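Chemist: Mind having a look at this structure? Questions to follow.
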Amino acid sequence: MKKEGLIKNLSMIGPAAILVASSMGPGTVASCIMGGSHLGYKILWMALLSGFLGALVSFIGGKVYMVTGKTGFQVIRDYSHPWFAYPLFAWMFFAGCFVITVEGKLLGHTTALMAPNLGGLNDILIVPLLVLAAAIIFSFGFRKVVFLCSLMTAGMALLFLINFFFIDFSITEAVKGLAPTVPFDKTGLLAFGGIMGGSASGVVAAGYSYLVKNKGWDNVEYIPRMKLDQILFYGILFGIFSVGIYITGAAVLHPQGIEVNSAIDAAKGLEPLVGAFSKWVFLVGLFGAVFTTLGALATIMCYMLADMVGIKPDLNNVKFKILLFCTIMLGVLGPFLSGLPAMKYMVFAMVIFLLAGPAVLLIYLIVGNKKSIMGEHINSPLLNTGLIIAFILNCVGSVASVMQ
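Residue numbers are given in my numbering: position 127 of the sequence shown equals residue 116, and the series is strictly consecutive.
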């Protein structure tokens, strides 16, 4: 490929935007705000590292596809065993559907706070219309979805970057929070597992393989663009998003002794402490996170399901569009899940994803280091180091989550 300028290269990237849009969801919001409000700056290192680990984990999924031509499900099936691959991917699809349904309820909570005068119309009219809009938008086609997710992820990162200037955070305590420690209390462990599950679970490696395939990045010449894709969306935008949310909890809620299990509770608690502007930044960011995750997560989960059942996993395929549309519409059921603590269940859903992460990541680690498969493109020592750290944290998060 000819060497291109930075602007030209930026215009050609974007698959990671869909993956990051699915990670920039209410599960990550809940996990980060829970960790910050409960632990202060103690696991700020995890919020900061999660974006870079997510970039490395998804990178290996894309690289293995470019070398072998195998997507996530095919890699697990062909390099382990079909009896293992089918239940594993069915588990991940179930987790995705669970998240989408709960997000429908959370969408209702968020719009009710943003427009309290809607009353009973919120659950029976506004939420279904918003879910329908997401289903229609995300069924348009791959390029349009990439463009939408790029805008939304950049916008959400910008919102929380702006919020830095409206909260009083301690640089000294933030630096201390960069020293790796693992919390061992119930809430801290749950937040730790949720952050890992929402960002750097092995599931993202499988998901990203479908996105680079639909982008047409089908050979190793596209690896430099894939690197730029990951640095921009996961390393920078996702990093700003998660760190911004975590610091909001650590700097504003923790000093007041306010622990929250819900991003909704956090939005309510921010106004009397730092003013209406910060509360609205948080609410608008949360709304954007829920809306984009509805479509982005459904897209990735439907890629996996379609690959399992023999439907062409492509947004230009009519059967796939119908599957995607129906999956997103599960969000309409959310408001009718009476008594469900939506945000806490969202963190648990991230944990469900994380439980599948170590197995997927281990297989990709093995494949990435087999010269008989990867040839000259076997993993570098640096990439292996990052992936091993991600694998260990996936295991720690999984064990910690099971202990709950």
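C-beta: ideal position from N, C-alpha, C; glycine also.
None of these values were measured; they are calculated from a predicted model.
(1) For Val201 and Met185, which I take to be in contact (beta-carbon distance under 8 angstroms), what is that distance rounded to the nearest angstrom?
(2) What residues in its chain sit with their C-beta under 7 angstroms from that of Tyr223, if we drop five residues either side in the sequence?
(3) In three-state DSSP terms, what is Ala70?
(4) Measure the Cβ-Cβ separation of Met400 and Leu272 and say whether it is below 8 angstroms.
(5) Are the beta-carbon atoms belonging to Ser139 and Gly284 less than 8 angstroms from one another?
(6) Would DSSP call Ile156 helix, strand or coil?
(7) Which residues bound the alpha helix (DSSP H) around Trp34?
(8) Let's see if you can read the secondary structure: which residues bound the alpha helix (DSSP H) around Ser198?
(9) Do Leu343 and Gly182 have their C-beta atoms closer together than 8 angstroms?
(10) To the nearest angstrom, how far is it from the Cα of Asp296 to the Cα of Pro244?
(11) Exposed or buried, what is Trp72 when buried is set at 16 or more other beta-carbons lying within 10 Å of its beta-carbon?
(12) Between Thr282 and Gly14, is the Cβ-Cβ spacing less than 8 angstroms?
(13) How should Cys315 be labelled, buried or exposed, when 16 other C-beta atoms within 10 angstroms of its C-beta is the threshold for buried?
(14) Exposed or buried, Arg66, counting other C-beta atoms within 10 Å across all chains shown (16 or more means buried)?
(15) Taking only beta-carbon positions, decide if Ser12 is within less than 8 angstroms of chain B.
(16) Rounded to a whole number of angstroms, what is the C-alpha to C-alpha distance between His366 and Ile247?
(17) Are Ala74 and Ile317 touching if we call contact CB-CB under 8 angstroms?
(18) Please go through the same chain and pick out, in chain order, the residues whose beta-carbon is closer than 6 angstroms to the beta-carbon of Asn368, but skip the five residues on each side of it.
(19) Is it a yes or a no for the stretch 20 to 35 touching the stretch 229 to 239, going by three-plus beta-carbon pairs under 8 angstroms?
(20) Is the CB-CB distance between Ile362 and Thr57 below 8 angstroms?
(21) On the CB-based measure, 16 or more other CB atoms within 10 Å of its CB, does His70 come out buried or exposed?
(22) Hey, would you say Gly29 sits closer than 8 angstroms to Ala239, going by beta carbons?
(23) Assuming Gly196 contacts Ile289 under a Cβ cut-off of 8 angstroms, what Cβ separation, rounded to an integer in Å, is found between them?
(24) Below 6 angstroms CB to CB, which residues in the same chain sit around Cys384 once its five sequence neighbours on both sides are set aside?
(25) Looking only at its own chain, which residues have a Cβ that is under 7 angstroms from the Cβ of Met(-10), when we skip the five neighbours before and after it?
(26) With 16 as the cutoff for other CB atoms within 10 Å, does Thr17 come out buried or exposed?
(27) Using the beta-carbon count (16 or more within 10 Å), is Ile7 buried or exposed?
(28) Which class does Asp218 belong to by DSSP, given the choice of helix, strand or coil?
(29) Based on Cα-Cα distance, which residue from Val388, Lys59 and Gly320 lies nearest to Leu121?
(30) Going by the CB atoms, is the gap between Glu92 and Gly323 shorter than 8 angstroms?
(31) Applying the 10 Å Cβ sphere with the 16-neighbour rule, what's the burial state of Lys31?
(32) Please determine, among Lys360, Phe78 and Thr60, the residue with the shortest C-alpha to C-alpha distance to Asp207.
(33) Compare the beta carbon distance of Met81 and Met293 with 8 angstroms and say whether it is the shorter of the two.
Modeler: Result, derived from the coordinates:
(1) Locating residue 201 in the sequence shown gives position 212, where the first residue counts as 1. Locating residue 185 in the sequence shown gives position 196, where the first residue counts as 1. With 8 angstroms as the limit, Val201 and Met185 do not qualify as a contact, their Cβ atoms being about 23 angstroms apart.
(2) Taking the sequence shown and counting its residues from 1, the one referred to as residue 223 is at position 234. So the qualifying residues of the chain are Ala5, Val9, Gly40, Gly43, Ala44 and Ser47.
(3) Reading the sequence shown from its first residue, position 81 is the one you call residue 70. Checking the displayed sequence, the identity of residue 70 turns out to be His instead of Ala. Note: His70 maps to coil in three-state DSSP.
(4) Because the chain is modelled from -10 through 393, residue 400 falls outside the range shown and cannot be assessed.
(5) Numbered from 1 along the sequence shown, position 150 holds the residue referred to as residue 139. Numbered from 1 along the sequence shown, position 295 holds the residue referred to as residue 284. For Ser139 and Gly284, no; Cβs fall outside 8 angstroms.
(6) Within the sequence shown, numbered from 1, the residue matching residue 156 stands at position 167. Ile156 falls in the coil class under three-state DSSP.
(7) Against the sequence shown, residue 34 aligns to sequence position 45. Taken as a continuous stretch (DSSP letters only), the alpha helix (DSSP H) holding Trp34 covers Leu33 to Thr57.
(8) Translated into the one-based positions of the sequence shown, residue 198 becomes position 209. Note, Ser198: alpha helix (DSSP H), Val192 to Lys204.
(9) Translated into the one-based positions of the sequence shown, residue 343 becomes position 354. Translated into the one-based positions of the sequence shown, residue 182 becomes position 193. Closer than 8 angstroms, so yes.
(10) On the sequence shown, residue 296 is found 307 positions in, with the first residue counted as 1. On the sequence shown, residue 244 is found 255 positions in, with the first residue counted as 1. Rounded to whole angstroms, Asp296 to Pro244 spans 48 angstroms at the Cα level.
(11) Reading the sequence shown from its first residue, position 83 is the one you call residue 72. Counting every other CB atom within 10 Å of its CB across the protein chains shown gives Trp72 a total below 16, marking it as exposed.
(12) Numbered from 1 along the sequence shown, position 293 holds the residue referred to as residue 282. Numbered from 1 along the sequence shown, position 25 holds the residue referred to as residue 14. Yes, the pair counts as a contact, with Cβ atoms nearer than the cut-off.
(13) Residue mapping note: residue 315 aligns to position 326 of the sequence shown, counting from 1. When all chains shown are included, Cys315 counts as exposed.
(14) Position 77 of the sequence shown holds residue 66. Buried: at least 16 other Cβ atoms inside 10 Å.
(15) This model lacks chain B altogether; it includes just one protein chain.
(16) If you number the sequence shown from 1, residue 366 lands on position 377. If you number the sequence shown from 1, residue 247 lands on position 258. Rounded to the nearest angstrom, the two C-alpha atoms are 49 angstroms apart.
(17) Counting from one through the sequence shown, the residue named residue 74 turns up at place 85. Counting from one through the sequence shown, the residue named residue 317 turns up at place 328. Not in contact: Ala74 and Ile317 (Cβ atoms no closer than 8 angstroms).
(18) Numbered from 1 along the sequence shown, position 379 holds the residue referred to as residue 368. Counting only Cβ-Cβ distances below 6 angstroms, and skipping sequence neighbours, we find Gly357 and Asn358.
(19) yes
(20) Here residue 362 refers to the residue found at position 373 of the sequence shown. Here residue 57 refers to the residue found at position 68 of the sequence shown. It is a contact, given that the beta carbons lie within the stated cut-off.
(21) The count along the sequence shown starts at 1 and reaches residue 70 at position 81. So His70 counts as exposed.
(22) In the sequence shown, the residue the question calls residue 29 occupies position 40. In the sequence shown, the residue the question calls residue 239 occupies position 250. For Gly29 and Ala239, yes; Cβs fall inside 8 angstroms.
(23) Counting from one through the sequence shown, the residue named residue 196 turns up at place 207. Counting from one through the sequence shown, the residue named residue 289 turns up at place 300. Right, the Cβ-Cβ distance comes to about 4 angstroms (below 8 angstroms), so this counts as a contact.
(24) Against the sequence shown, residue 384 aligns to sequence position 395. Cβ within range, chain order: Pro347.
(25) The residue you call residue -10 lines up with position 1 of the sequence shown. Confidence in Met(-10) is poor, its pLDDT being 45 and thus under 50, which makes the residue's placement too unreliable to answer from.
(26) Residue numbering aside, residue 17 sits at position 28 when the sequence shown is read from its first letter. With 16 or more other Cβ atoms within 10 Å, it is buried.
(27) Residue numbering aside, residue 7 sits at position 18 when the sequence shown is read from its first letter. Looking at its Cβ environment, which holds 16 or more other Cβ atoms inside 10 Å, Ile7 is buried.
(28) In the sequence shown, counting from the first residue as 1, residue 218 sits at position 229. Looking at Asp218 - three-state DSSP - the assignment turns out to be helix.
(29) If you number the sequence shown from 1, residue 121 lands on position 132. Measuring from the Cα of Leu121, the nearest candidate turns out to be Gly320.
(30) If you number the sequence shown from 1, residue 323 lands on position 334. If you number the sequence shown from 1, residue 92 lands on position 103. A contact, by the Cβ cut-off of 8 angstroms.
(31) On the sequence shown, position 42 is the one that residue 31 refers to. A residue is called buried once 16 or more other Cβ atoms fall within 10 Å of its Cβ, and Lys31 is buried on that count.
(32) The sequence position of residue 207 within the sequence shown is 218, counting from 1. If we check each option's Cα against that of Asp207, Thr60 comes out closest.
(33) Counted from its first residue, the sequence shown places residue 81 at position 92. Counted from its first residue, the sequence shown places residue 293 at position 304. Between Met81 and Met293, the CB-CB gap stays under 8 angstroms.
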